[in-house]
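Going by mature numbering (1 follows the signal peptide of the UniProt record, and there is no 0), the letters in the sequence shown line up with residues -31 to -1, 1 to 276, in that order. Glycine is no exception: its CB is placed at the ideal position from the N, C-alpha and C atoms.
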Amino acid sequence: MPYAPLPRALRPLSAAVAVATAVLLAGCAVGPDYHRPDTSIPAAFKEAPAGWKVAQPADRADRGPWWTVYNDPQLDALIGKLNASNQTIAQSAAAYRQARALVAEARAAYFPTVGLTASGSRSRTGRTSTSSSASSFGSSSSIGNSYSVGLDASWEPDLWGKVSRSVSAQRAGEAAAAADLANARLSQQALLAQTYFQLRTSDALQKLLDDTVKSYGESLRLTQNQYAQGVAARADVIQAQTQLQSAQAASIDNGVARAQYEHAIATLIGEPASTFSLPPNPLAAEPPITPVDVPSALLERRPDIAA
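In structure tokens form, the structure reads like this:
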């Protein structure tokens, strides 16, 4: 049938109907668009010093290998293992992958759905015949196969914005999961670095305690000789023994603390504590000096706040 254009008098009416339909569909969208709540923040506080500004979150900023500032190859190797095998990071990474999959699942509703079904069956039919004669008896059978294939497709346009709202919600969840992953990675790295330096501090303290025990042992020997010659009092011997025993106890406690730090590092990097060990090695250099007045702008880089 040939196409018949609308009469000129009906064209404005047709345009009005189209506009009204679009407005009606927009008004029926599922839920309003998200707008960040307005918070009344003053431009400046009277107590604030010069340079104060409103925070601008930068939680996604790349922090890079921040631990290399310590110039410790052993720490670099440990954090490399942590990034690959830490279970807390792996759990957060799995949650982030799940959030991304949910976004993809929500976006799939924009496209048509196609389904394919197939089935098959096998049947057997038989027939038996007899006659009046006892020796006359016969049977026959046949086998048949049947197959069927079905294809169906469906598509629902997002007239009410339901799919768009779902995608927006899943994307917000993905952003939160990404911040959680960044927070887990940063916190585990910081915990490993802190534990590592505590272990190295124990190594340095152990050397000092070993020297102290050796010195107190020599002092006790001299005091006992002086007491035997009548030069020192019995109280001096007891005091020397007490000093030596206190230093020995401190050495034992420090050894226990070092073992605990070593086990904690093994757990952080995903290795069995029974087979992991770090040879004693006191810090060769002073750690970099951290300024006393840390700017509050560092809060802008905290992923846990963003999450």
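Pull up the distance between the alpha-carbon of residue i and that of residue j, whole angstroms please.
i, j, result
"residue 42", "residue 181", "30 Å"
"residue 132", "residue 7", "27 Å"
"residue 135", "residue 65", "17 Å"
"residue 251", "residue 49", "21 Å"
"residue 117", "residue 89", "6 Å"
"residue 80", "residue 124", "7 Å"
"residue 249", "residue 184", "21 Å"
"residue 35", "residue 156", "13 Å"
"residue 222", "residue 247", "18 Å"
"residue 39", "residue 70", "38 Å"
"residue 111", "residue 74", "49 Å"
"residue 173", "residue 141", "48 Å"
"residue 255", "residue 143", "41 Å"
"residue 126", "residue 77", "12 Å"
"residue 130", "residue 148", "27 Å"
"residue 91", "residue 52", "57 Å"
"residue 46", "residue 171", "20 Å"
Taking a contact to mean a Cβ-Cβ separation below 8 Å, would you say residue i touches residue j in this structure?
i, j, result
"residue 151", "residue 178", "no"
"residue 44", "residue 159", "no"
"residue 61", "residue 153", "yes"
"residue 189", "residue 168", "no"
"residue 217", "residue 206", "no"
"residue 164", "residue 59", "no"
Taking only three categories from DSSP, how would you classify residue i?
i, result
"residue 220", "helix"
"residue 37", "helix"
"residue 63", "helix"
"residue 114", "strand"
"residue 215", "helix"
"residue 51", "helix"
"residue 225", "helix"
"residue 7", "coil"
"residue -29", "Low confidence applies here, because residue -29 scores a pLDDT of 49, under 50, leaving its location unreliable and the question unanswered by this model."
"residue 57", "helix"
"residue 202", "coil"
"residue 86", "strand"
"residue 252", "coil"
"residue 94", "strand"
"residue 120", "strand"
"residue 244", "coil"
"residue 258", "coil"
"residue 75", "helix"
"residue 207", "helix"
"residue 237", "helix"
"residue 126", "coil"
"residue 81", "coil"
Within the continuous alpha helix (DSSP H) that includes residue i, where are the two ends?
i, result
"residue 187", "131 to 197"
Quick test of your reading: residue i and residue j, contact by CB under 8 Å. State the CB separation rounded to the nearest angstrom.
i, j, result
"residue 82", "residue 122", "7 Å"
"residue 186", "residue 56", "Residue 186 to residue 56, Cβ: 45 Å. No contact."
"residue 68", "residue 138", "Incorrect: roughly 11 Å between the Cβ atoms, too far for contact."
"residue 201", "residue 195", "4 Å"
"residue 235", "residue 242", "4 Å"
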